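If you're matching positions, the sequence shown starts at 2 in the working numbering and goes up one per residue.
Built from N, CA and C at the ideal position, the CB exists for glycine as well.
Small disclaimer: the values here were computed from a predicted structure and weren't measured.
Structure first, commentary second.
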Amino acid sequence: MRILKFGLIVLVFFSLHFPLFSEERSDFDHVRKAVVQIKVYSQAFSAFTPWATDGVRASSGTGFLIGNKRILTNAHVISNAKYVQVQRYNQTEWYRVKILHVAHDCDLAVLEAEDPEFYKDSTDLSLGEIPELNSSLIVVGYPIGGNKVSVTRGIVSRKEQSKYEHSSVDSHLVLQVDAAINPGNSGGPAIQNNKVVGVAFQVATKGENIGYLIPTKVIRHFLKDIEDGKYDGYVELGIGTFNSFNTSLRKAKGIPEGLEGVFVTRILPNGSADGYLKEGDYLTEIDGLSIGRNGTITLDKDARVDFTETVDDKYSGEPIRFKVFRNGKLIDIEFKAKRMPDFDFMRNRYDNPFDYSMIGGLLFQEMTRDLLGAWSRSGSTSGGSQFLYRYDYFIEDGIGRTKKADVVLYRKLAHPVNSSSDYFLNLVLESVNGEAINSLTDLKRIIGESKSKFLKLKFLNIDLPLILDREEAQKADSQIKSTYGLE
Numbered sequence: 002m003r004i005l006k007f008g009l010i011v012l013v014f015f016s017l018h019f020p021l022f023s024e025e026r027s028d029f030d031h032v033r034k035a036v037v038q039i040k041v042y043s044q045a046f047s048a049f050t051p052w053a054t055d056g057v058r059a060s061s062g063t064g065f066l067i068g069n070k071r072i073l074t075n076a077h078v079i080s081n082a083k084y085v086q087v088q089r090y091n092q093t094e095w096y097r098v099k100i101l102h103v104a105h106d107c108d109l110a111v112l113e114a115e116d117p118e119f120y121k122d123s124t125d126l127s128l129g130e131i132p133e134l135n136s137s138l139i140v141v142g143y144p145i146g147g148n149k150v151s152v153t154r155g156i157v158s159r160k161e162q163s164k165y166e167h168s169s170v171d172s173h174l175v176l177q178v179d180a181a182i183n184p185g186n187s188g189g190p191a192i193q194n195n196k197v198v199g200v201a202f203q204v205a206t207k208g209e210n211i212g213y214l215i216p217t218k219v220i221r222h223f224l225k226d227i228e229d230g231k232y233d234g235y236v237e238l239g240i241g242t243f244n245s246f247n248t249s250l251r252k253a254k255g256i257p258e259g260l261e262g263v264f265v266t267r268i269l270p271n272g273s274a275d276g277y278l279k280e281g282d283y284l285t286e287i288d289g290l291s292i293g294r295n296g297t298i299t300l301d302k303d304a305r306v307d308f309t310e311t312v313d314d315k316y317s318g319e320p321i322r323f324k325v326f327r328n329g330k331l332i333d334i335e336f337k338a339k340r341m342p343d344f345d346f347m348r349n350r351y352d353n354p355f356d357y358s359m360i361g362g363l364l365f366q367e368m369t370r371d372l373l374g375a376w377s378r379s380g381s382t383s384g385g386s387q388f389l390y391r392y393d394y395f396i397e398d399g400i401g402r403t404k405k406a407d408v409v410l411y412r413k414l415a416h417p418v419n420s421s422s423d424y425f426l427n428l429v430l431e432s433v434n435g436e437a438i439n440s441l442t443d444l445k446r447i448i449g450e451s452k453s454k455f456l457k458l459k460f461l462n463i464d465l466p467l468i469l470d471r472e473e474a475q476k477a478d479s480q481i482k483s484t485y486g487l488e
């Protein structure tokens with residue numbers, strides 16, 4: 002199912018249809034004074050052409066006041082922003098804001114207006130709890146097509162852990178609601194009993210009226226994280242698991258009858274569980290909560306979610322406690338939660354340019370999700386199987402223990418000096434003149450310090466190296482920069 006990041010569409014204008022009782026109208030007046038329209042001018046950086054940027058793009062979103070002059074919205078609303086303005090209900094002037102904190106892994110951000118006049122006659126919204134299934138709520142925002150606050154009613158239809166498309170790798174708790182989605186509503190509050198119970202952020206393109214909210218559980222985690230003035234990000238358990246539905250497998254592994262749980266299939270290097278859990282372990286409880294054969298725990302009375310949701314609640318240094326069936330015995334294992342920076346290259350990247358190195362018109366970058374996406378769209382994917390494999394298994398193969406990143410020859414700017422280099426495109430650079438390449442920094446340093454006549458570029462699993470005349474390559478780079486507009 003493909004997911005797009007928008008916000009929830011408002012199907013009716015509050016001021017035009019469905020008049021409310023006076024008490025409801027009074028409540029909505031409070032909400033309306035807290036909801037913010039956001040106008041963004043952004044300019045994304047190009048992974049495939051890292052010396053250039055895309056054109057300036059205008060977009061809009063929604064946010065709301067949560068106290069201390071803070072405006073909460075989605076990270077994807079303000080990502081790559083060059084200029085951000087806000088306006089509240091009944092205001093005619095747009096006010097510039099500064100971005101205080103951004104959490105790309107959970108798609109949330111906090112802004113603050115620079116002019117105190119923006120906050121005149123405003124109200125703040127407070128956070129509520131996770132709503133029950135089949136309970137109603139309203140979603141407030143500024144969808145495209147109008148400049149007035151708009152409202153729709155919806156029902157909470159599901160609670161589950163799902164991927165947040167903004168990063169394309171992180172999964173957290175989401176609320177599914179039966180409301181349509183429109184660009185511009187992203188970052189708008191979902192209200193139940195006069196409190197915020199979620200933030201609109203995604204829509205399913207297959208199916209009708211399937212929208213998603215970021216629940217307050219995730220919002221509170223973000224707000225607590227930034228209390229010290231910086232955002233650290235989520236911790237990672239760093240394991241793979243397999244369900245235990247197969248009775249024969251359970252018997253073969255000696256699992257006692259009736260003991261629920263899941264099997265550990267892999268341990269990722271540098272994750273929280275590294276050095277504590279083992280492949281083949283049978284996880285039966287986490288923090289005192291029973292793990293089902295499908296890997297879920299009870300979230301509340303009407304929902305079960307993946308057991309890793311418990312880890313999502315934690316901050317770096319907090320304990321994770323498992324009850325594990327290992328070698329015929331139930332044992333207790335405890336270790337501390339920690340971040341896993343090895344995952345960062347797998348997330349979509351925003352707000353910063355892409356670093357690269359050029360040698361004789363050959364372009365090198367560290368492997369990232371952005372580079373992989375740009376490379377696949379370029380059509381120059383021939384021979385890229387190694388590229389794809391290393392992206393998927395860089396962490397799992399244990400390479401991350403000693404190597405920071407894979408450096409890839411992903412593109413060339415044609416010039417006579419590199420005419421025989423096509424064979425090496427889309428391969429991982431292993432060494433230059435015998436020195437290992439563990440990051441782009443290594444490559445830049447080795448090239449910058451080299452006094453050798455030739456540069457011997459050795460690629461992973463390829464015996465034949467690429468040889469460049471160092472002085473000729475450097476002279477060619479000056480011509481290439483001029484020809485291709487890199488200067």
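What is the DSSP secondary structure of residue 92, reduced to helix, strand or coil?
coil
Closest by CA to residue 201, which one among 469, 486 and 143?
143
When the Cα atoms are used, what is the spatial distance from residue 212 to residue 119?
Each residue's Cα considered, the two are about 31 angstroms apart.
With DSSP run on the structure shown, which of helix, strand or coil describes residue 322?
Strand, per DSSP.
Determine contact between the region 298-305 and the region 357-371, defined as no fewer than three beta-carbon pairs at a distance below 8 angstroms.
no
Which class does residue 424 belong to by DSSP, given the choice of helix, strand or coil?
helix
Which whole runs of the beta strand (DSSP E) in the region 348-396 are 3 residues long or more, in chain order?
Counting only runs of 3 or more, we get 358-360 and 363-367.
In terms of alpha-carbon separation, which member of 176, 152 and 156 lies closest to residue 163?
176
Can you find the residues in the same chain that come closer than 7 angstroms, C-beta to C-beta, to residue 432, ignoring five residues on each side of it along the sequence?
Within the same chain, residue 432 has close Cβ partners 438 and 459.
Mind pulling the beta strand (DSSP E) runs of 3 or more residues that sit fully within the region 31-72?
36-43 and 58-68
Can you give the beta carbon distance from residue 364 to residue 424, rounded, assuming they're within the 8 angstroms contact cut?
Not really, about 16 angstroms apart at Cβ, beyond 8 angstroms.
For residue 256 and residue 272, I'd like the C-alpha separation in whole angstroms.
26 angstroms
With a 10 Å radius around its C-beta and 16 neighbouring C-beta atoms as the bar for buried, classify residue 132 as buried or exposed.
Around the beta carbon of residue 132, 16 or more other beta carbons sit within 10 angstroms, so the residue counts as buried.
My output table needs one value for residue 452: the three-state DSSP class, helix, strand or coil.
DSSP places residue 452 in the coil class of the three-state scheme, outside both helix and strand.
Buried or exposed for residue 310, going by 16 or more other Cβ atoms inside 10 Å?
Residue 310 is classed as buried because its beta carbon has at least 16 other beta carbons within 10 Å across all chains shown.
Tell me, please, whether the region 157-171 touches the region 100-107 by the rule of three or more beta-carbon pairs shorter than 8 angstroms.
With a cut-off of 8 angstroms, the region 100-107 and the region 157-171 count as touching, because enough Cβ pairs lie within range.
Closest to residue 32 by C-alpha separation, out of 161, 296 and 191, would be which residue?
191
Here's a check: name, in chain order, each residue in its chain whose Cβ is nearer than 6 angstroms to the Cβ of residue 16, leaving out the five neighbours to either side.
Low confidence applies to residue 16: its pLDDT is 34, below 50, so where it sits in the model is not reliable enough to give any reading.
If you draw a straight line from the alpha carbon of residue 23 to that of residue 34, how long is it in whole angstroms?
Unreliable positioning characterises residue 23 in this predicted model, as indicated by a pLDDT of 40, which lies under 50. The coordinate reading is nonetheless provided below. The straight-line gap from Cα to Cα measures roughly 17 angstroms.
By DSSP, does residue 482 sit in helix, in strand, or in coil?
helix
I need the boundaries of the alpha helix (DSSP H) containing residue 489, first residue and last residue.
With the chain represented from 2 up to 488, any question about residue 489 goes unanswered, as that position is not in the structure.
What residue range is occupied by the uninterrupted beta strand (DSSP E) comprising residue 267?
Element bounds for residue 267: 263-268.
From the DSSP output, in three-state form, read off residue 260 for me.
coil
Helix, strand or coil, according to DSSP, for residue 222 in the structure here?
helix
Compute the beta-carbon to beta-carbon distance between residue 174 and residue 124, rounded to the nearest angstrom, for a pair I have assumed lies under 8 angstroms.
Rounded, the Cβ-Cβ distance is 27 angstroms, inconsistent with contact.
Curious, which full-length beta strand (DSSP E) runs of at least 3 residues does the region 136-175 contain?
137-142 and 151-164
Using a Cβ-Cβ cutoff of less than 7 angstroms, which residues in the same chain neighbour residue 261 once the five nearest sequence positions on both sides are dropped?
285, 291, 292, 293 and 294
Taking the C-alpha atoms as reference points, what is the distance between residue 317 and residue 372?
29 angstroms
Kindly indicate which residue of 421, 453, 428 and 376 has the alpha-carbon position closest to the one of residue 435.
453
Just the Cα atoms here: how many angstroms apart are residue 485 and residue 52?
In a straight line, the C-alpha of residue 485 is about 10 angstroms away from that of residue 52.
Taking the beta carbon of residue 49 as the centre, do at least 16 other beta carbons fall within 10 Å, making it buried, or is it exposed?
buried
Once DSSP output is grouped into helix, strand and coil, what is the label at residue 340?
Residue 340 falls in the coil class under three-state DSSP.
CB residue 140 to CB residue 180, shorter than 8 angstroms?
Yes, Cβ-Cβ distance for residue 140 and residue 180 is below 8 angstroms.
Any idea if residue 264 is buried or exposed, counting beta-carbon neighbours within 10 angstroms, 16 or more meaning buried?
buried
Return the CA-CA distance between residue 236 and residue 161, expressed in angstroms with no decimal places.
Straight-line spacing of the CA atoms in residue 236 and residue 161 works out to 19 angstroms.
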